[in-house]
Each structure stands twice: as C-alpha cells, then as structure tokens.
Amino acid sequence: MEGTTLIIVALLIVLVSLWLSFSKSSLKGLPGPWTNGLPIIGRTLLELGEQFNLSKFLKRWVHQGGVPKVPKSGRPRPTSRLFDRNVLRLSRVNPHLTAVDIARQLCDPTNPKPSVRTIRRRLETAGLHGRRPVKKPMISTKNGKARVTWAKVHKDWTKKEWEDVLWSDESNYMLFGTDGIQFIRRPQGTRFDPKY
1 MEGTTLIIVA LLIVLVSLWL SFSKSSLKGL PGPWTNGLPI IGRTLLELGE QFNLSKFLKR
61 WVHQGGVPKV PKSGRPRPTS RLFDRNVLRL SRVNPHLTAV DIARQLCDPT NPKPSVRTIR
121 RRLETAGLHG RRPVKKPMIS TKNGKARVTW AKVHKDWTKK EWEDVLWSDE SNYMLFGTDG
181 IQFIRRPQGT RFDPKY
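At position 84 of the sequence shown the residue is numbered 84 (UniProt numbering), and the sequence of numbers has no breaks.
Here you go:
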C-alpha cells in the first residue's frame, strides 16, 4: 500500500513538472524537461518535493491517511448500521416475520420509517431470502410415543368395541392463523434445520 502511494506521488510530481516545463515559452527550446533551470529526470522524490514545494501536500497526505475522505455524491442511505443490525436480529429470532412486520416493530412516529422494500433489500443482502418452509412431520417425540402407547393398548379390541367409537370426517378448521403458505427467511443450506 505504501509503495503504491509513493509511486502515485512520484508520477504526480513528474507529470506536474513536465506540465510546468512545457508551459513556459522561454524554456521550450531547451533539450529535455527543465524547470527553473534544474533537470527533473534523475532526481530523488525529496529533491523534487523541495523544488515544487510539495511538503504541505505530503504532510496532508500522511495526516489524512492517503486520499482525503470527501463527501460522496448521491443519495445517503435511509438506514443506519444499527437499524440494519436490528432488522437482521428480528428476522433471525423469528424467521416467520415478513418485511412489513419488521417495519411495524422497528419504526415509530419519532423514527423515520424506511420503505418495506428497503428492509427486504437489507435482509436479502444478508442472505436471508424468503423461502417456502420444507414439509416436516408434525409429530413430536412425545406425541409419537403417546400414539404408540395408545395403539398397543387398543390393538386387541374386538369389532363390538370399535363400533362404539364415533368416527367423523377430518375437516380442517383454522381458528387462528392461516393454512396458506407462510414464507420464512433462512440462510442458505439450513433447509432441514428444525428451527425453520
């Protein structure tokens, strides 16, 4: 990095000196690039810096750590790093939250609300794309053991005992939520993770 900086400074000095040497009409007839009667080719950077009074430039270069940090053109980001981190935290805690839900939780009247598209973009940049959850069996270990126990108890029932059982059709009634597809946000490669 420092070597590259020195090369850039050296090239800059040579170009400035060449421009100055050819811009003076009185020195056009002299062979080679000359400035103030002194040759610039074959001189050290220190000598050239003294010749062109570049000490202020070099001090500023060292003080600012290279190229000065100039304000960039273009629209500033609507969210801060803290806001982006909170968006990712909420999505990792509850992968079923949509971008609209995250916007509702993070934004209040005092905090300017970024668009839902901006929140979705931050999630996708972090690798949390909306995906369909994989179909997993809804039977837990406890429920599976209870079913096996119930089957063992009732395996020797007679036909008369089974006639007393009321069989109903299996209609699905959703009291809460929806039975449609609910997307989740998960990282790549975690399809079969029980969390998702």
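Cβ atoms here follow ideal geometry from the backbone N, Cα and C, with glycine treated the same way.
Check, Outcome
"Strand pairing of His129, partner residues [DSSP]", "Arg186"
"Cutoff 7 Å; reference Val62; Cβ partners in own chain excluding five residues on either side", "none"
"Distance between Val148 and Leu97 (C-alpha atoms, nearest Å)", "36 Å"
"Supposed close pair Phe183, Gly130 - CB separation, criterion 8 Å", "4 Å"
"For Ser91 and residue 237, believed in contact at Cβ under 8 Å, the rounded distance", "Here the chain has residues from 1 to 196 only, and residue 237 is not among them."
"Spatial neighbours of Asp179 in its chain, beta-carbon cut-off 7 Å, leaving aside the 5 residues before and after", "Asn172"
"Neighbourhood of Pro76 by C-beta, 6 Å cutoff - its chain only, sequence neighbours within 5 removed", "none"
"Segment limits, alpha helix (DSSP H) that includes Asn86", "81–93"
"Rounded straight-line distance, which links the Cα of Trp167 to that of Ile102", "44 Å"
"Beta-carbon separation (whole angstroms), Pro78 vs Pro114, contact threshold 8 Å", "5 Å"
"C-alpha gap between Val153 and Thr125, whole angstroms", "54 Å"
"For Asn53, the nearest candidate out of Ile13, Arg89, Leu82 (CA to CA)", "Ile13"
"Collapsed DSSP secondary structure at Glu50 in the structure displayed", "helix"
"Expected contact under 8 Å - CB spacing of Val116 and Val100 to nearest Å", "6 Å"
"Element boundaries [alpha helix (DSSP H), containing Thr141]", "141–154"
"Selected residue, minimal CA-CA separation from Arg120, among Lys142, Phe83, Lys155", "Phe83"
"Cutoff 9 Å: Phe52 Cβ touching any chain B Cβ", "Looking for chain B here will not work: only one protein chain is present."
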